[in-house]
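In the numbering used here, the protein residues as written are 81 to 1050.
Right under this line is the structure:
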């Protein structure tokens, strides 16, 4: 604010008055209202601009109401004018005042005016007005006030400019800053880190036109040995330490360690305690033994499970080793049972040492032997001068498994892909043998997965093997009492591949493929010429599925040969699922370019993934916002552990995850701020140029042919068929969760709500809470929380409707409750404009109330392939329901009503009964001829009600049509 300035050009009177507290008030007044043509000026002295670019003037004044002045002429005014003049130097004394040189700022009017009564009561009615002057570009300026016939007293004038005051933000100091003269632009100001702090990302603030600091970016963090306190970095107290720069608090020295100085960066171990060489400065001592070790025997497999130690030694690198001893039951000298380390034939799944989980499976026991297992917990300091063994143990008696009835297994013959086996029985079985089970796996394979086959005779031919490969075989019998134990291991190899035959086979394959490819090209060319509307991206990708060996996965047998989906929630440590199914990406390979959206857990960015020796590819990066909790991190990475299991061209592809280190990005608006506090967590997927399917279609309404839309639907069906075959339920299939690339290929995404089926492919997941997308969800899932592949088929029907309507909202403005009630009453979405009859029939088939009556995804895919190969089925469109089913059995189950009122009651639209009767619609026959325009004309204004009524009329029209064809009258 500028100091008070005396005027240098005076046509006003300088008067000192007393306010109501008897304090002197210096004013400038003018009140020549009785005289016409007033032009009185008051000018300030020269005011230096200083650093200001925009100047504000605050005026406090009083003004008399012209109506309260007796005998006043018509020249009385209740306003005055404000002007200004810019100069680089003060005007010379005696310079003639030229009003024409001054620029007008504004005409000032009073909110409140005083009267003669107010003067008698000594009531001072002050008005305050603020005006902006400028932009001011020269060194100084004058203010001028013009009176044109008012009775006014100017009490005070304040001249000031705005600035952003010095401040501390994110441990950085920012100086006083004056805004730009352009009010729409911000001033970028770089901050300086406070003492004992260091810069992580350049700290910045933006100064706004109103003097407010905006948009903080970047930050400083306290250096090692210091913690944040009241905006500054304070040294750690004795007994505390901080080994890393960051805004975390100083940590109390762990047990068995201490620090004696301020700003300690490490706590020294007490005598007898250790820290590993590569350890951070946290504490270190061996863990206590694992807890609650339990065993479970299933046939010849042993499962051990335990709980982590109660004392982890102050570390997080706990691993477990399985130590095994075998005791054959004989006693040596002194009556002590003879035991020895277990042999190499015993198999541990996943491995016997270095386990990060708390369970292990053990296979291939010898019969009639006792085993003792010790589970050892170790960490990074185990063995560093510490003689503590952290063991838990359990003894297993393998007598509880029935004896093996199969003796020696022989190889009768072997080819490149087959081995013939036979065997004999060791002893007469206690009961008749039902059949035999042959289990086999590649010798080099050390995972809990194998193949099996059954036979009723003591011989079998195992096919589908690889040439020149050694396989391990076990055989067991099944009697009425159950399975016996497996036979010992037997190893046999397949025959080597003949190079000459292989070359001939390769030539035959090449010739066959060439002829087939040429024929397919000719057919495809003729097809494109005939239809004329295919855009080149729809291709009949009819490929016969490659025969696979049946594999067990975690005890489940997918007879289709397709890999079974594994629910990440079944892992005790969810990070194991991420490590198993998602690749870790070096953060230096990622360059984030811009923010493209926001997700549940943080921003979504686009960027490039550049791996050494490979061309960079466009990717989308989902980030986890800073300050996350461990549960949020697990929930965020859960989707990656799901996506990593899928490999299909119509499923969004996971490139990998970033979980272990800091990342440098090209644009610092996405994750840099949160990356300074905790290490960044990211999910990297392929980039889909056209985004979500619903918004993509809404912006391109009517731009695609029906065949192109069917091609999009086929891509979605391919992805969902793949998921269904894996035993996977999506639960949130909708157009918003389908992504479209630059070639219009649709890919299923967003697996946050998905769950896994159990062994039975018809089983359903029962929801335990959470939000359900009502408009896309099957009735049984809404009512009972039961999700299945059949409920996904219902959702796919809604997606079909979205695609054919170019992204229109299902059920329009109807509330969720109305949607639920309408579906229960049999209402189904009508066909979108221009939708082929065949596609709407497929939608209706997908919306069957009984889930077992809906088609499977492979049926849907087969149906769409037939339409693409023979597009004539897409020519018949739904036009006001003028096409009818072939038989009455195909039409909707809709009762015949005897009155208009009954009909409206049945669809919960009885409030419109008088509308129909007043318009002359009194019979069912007259209603059947109504169109959507007729519905609007009689006064049905709500779109949801219009749709419900017209859909009901369509069903009624179908019934009347078939009744009339049968010779009856309504």
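Cβ atoms here follow ideal geometry from the backbone N, Cα and C, with glycine treated the same way.
| Among 135, 763 and 997, nearest to residue 217 - alpha-carbon criterion | 135
| message | Pairs of beta-carbons, one from the stretch 296-303 and one from the stretch 277-287, closer than 8 Å: are there three or more? | response | yes
| said: Among 539, 451, 895 and 268, whose alpha-carbon lies nearest the alpha-carbon of residue 287? | reply: 268
| field | Beta-carbon separation (whole angstroms), residue 989 vs residue 1018, contact threshold 8 Å | value | That belief does not hold up - the Cβ atoms of residue 989 and residue 1018 are roughly 12 Å apart, past 8 Å.
| C-beta contact flag for residue 894 and residue 915 at 7 Å | no
| said: Taking the alpha-carbon of residue 821 as reference, which of 770, 236 and 778 has the nearest alpha-carbon? | reply: 770
| Helix, strand or coil at residue 68 [DSSP, three-state] | Only positions 81 to 1050 of the chain appear in the structure, and residue 68 is not among them; the question remains open.
| request: In the DSSP assignment, find the unbroken beta strand (DSSP E) run with residue 160 in it and report its ends. | output: 159-167
| message | Under 6 Å: does the beta carbon of residue 163 sit that close to some heavy atom of the ligand ATP? | response | You won't find the ligand ATP in this model; it holds no ligand whatsoever.
| message | Let's test the definition: count the other Cβ atoms within 10 Å of the Cβ of residue 232 and tell me whether it reaches 16, buried, or not, exposed. | response | buried
| Pick from 552, 673, 104 and 532 that is closest to residue 489, judged by C-alpha positions | 552
| request: Using 10 angstroms around the beta-carbon of residue 98, count the other beta-carbons present and answer buried if the total reaches 16, otherwise exposed. | output: exposed
| Which full runs of the alpha helix (DSSP H) of 4+ residues lie inside the stretch 874-923, going along the chain? | 896-904
| Would a C-beta distance cut-off of 7 Å place residue 241 and residue 132 closer than the cut-off? | yes
| request: Using beta-carbon positions only, say whether residue 155 and residue 235 come within less than 7 Å of one another. | output: no
| task | Enumerate in chain order the residues of its own chain whose CB-to-CB distance from residue 112 is below 6 Å, with the five nearest sequence positions on each side excluded. | result | 118
| Segments of 4+ residues assigned as alpha helix (DSSP H) that fall wholly inside the stretch 263-330 | none
| said: On a Cα-Cα basis, can you pick out the residue from 169, 1026, 888 and 952 that is closest to residue 907? | reply: 1026
| Hey, quick one: how far does the alpha helix (DSSP H) through residue 677 stretch, first residue to last? | Careful: residue 677 lies outside any alpha helix (DSSP H), inside the beta strand (DSSP E) at 670-678.
| alpha helix (DSSP H) segment containing residue 784, residue limits | Looking at the DSSP string, residue 784 is not in any alpha helix (DSSP H), and its letter there is neither H nor E.
| field | Three-state secondary structure (DSSP) of residue 864 | value | helix
| Exposed or buried, what is residue 460 when buried is set at 16 or more other beta-carbons lying within 10 Å of its beta-carbon? | buried
| query | So, helix, strand or coil for residue 1052, using DSSP? | reply | The question about residue 1052 has no answer, for the chain in this structure spans 81 to 1050.
| message | Here's a check: name, in chain order, each residue in its chain whose Cβ is nearer than 7 Å to the Cβ of residue 340, leaving out the five neighbours to either side. | response | 318
| request: Rank 187, 675 and 303 by C-alpha distance to the C-alpha of residue 210 and give the top, closest one. | output: 187
| So the beta strand (DSSP E) residue 709 belongs to, where does it begin and stop? | It is not in any beta strand (DSSP E) - residue 709 carries neither H nor E in the DSSP assignment.
| query | So residue 495 and residue 549 are in contact, right, with Cβ under 8 Å, and what is the actual spacing, rounded? | reply | No, residue 495 and residue 549 are not in contact; Cβ-Cβ is about 12 Å, not under 8 Å.
| For residue 698, which of 183, 711 and 669 has the nearest alpha-carbon? | 669
| request: Determine the burial state of residue 79: buried for a count of at least 16 other Cβ atoms within 10 Å of its Cβ, exposed for fewer. | output: The requested residue 79 does not occur in the structure, where the chain is confined to residues 81 to 1050.
| request: Just mark residue 665 as buried or exposed, buried being the case when its beta carbon has 16 or more other beta carbons within 10 Å. | output: buried
| Can the beta-carbon of residue 400 be found closer than 7 Å to that of residue 426? | no
| task | Kindly indicate which three-state DSSP category residue 925 falls into: helix, strand or coil? | result | helix
| said: Considering only DSSP beta bridges, list what residue 766 is partnered with. | reply: 699
| field | DSSP three-state assignment for residue 369, whether helix, strand or coil | value | coil
| For residue 994, the first and last residue of its enclosing alpha helix (DSSP H) | 993-998
| task | Work out the CA separation of residue 250 and residue 283 for me, nearest whole Å. | result | 8 Å
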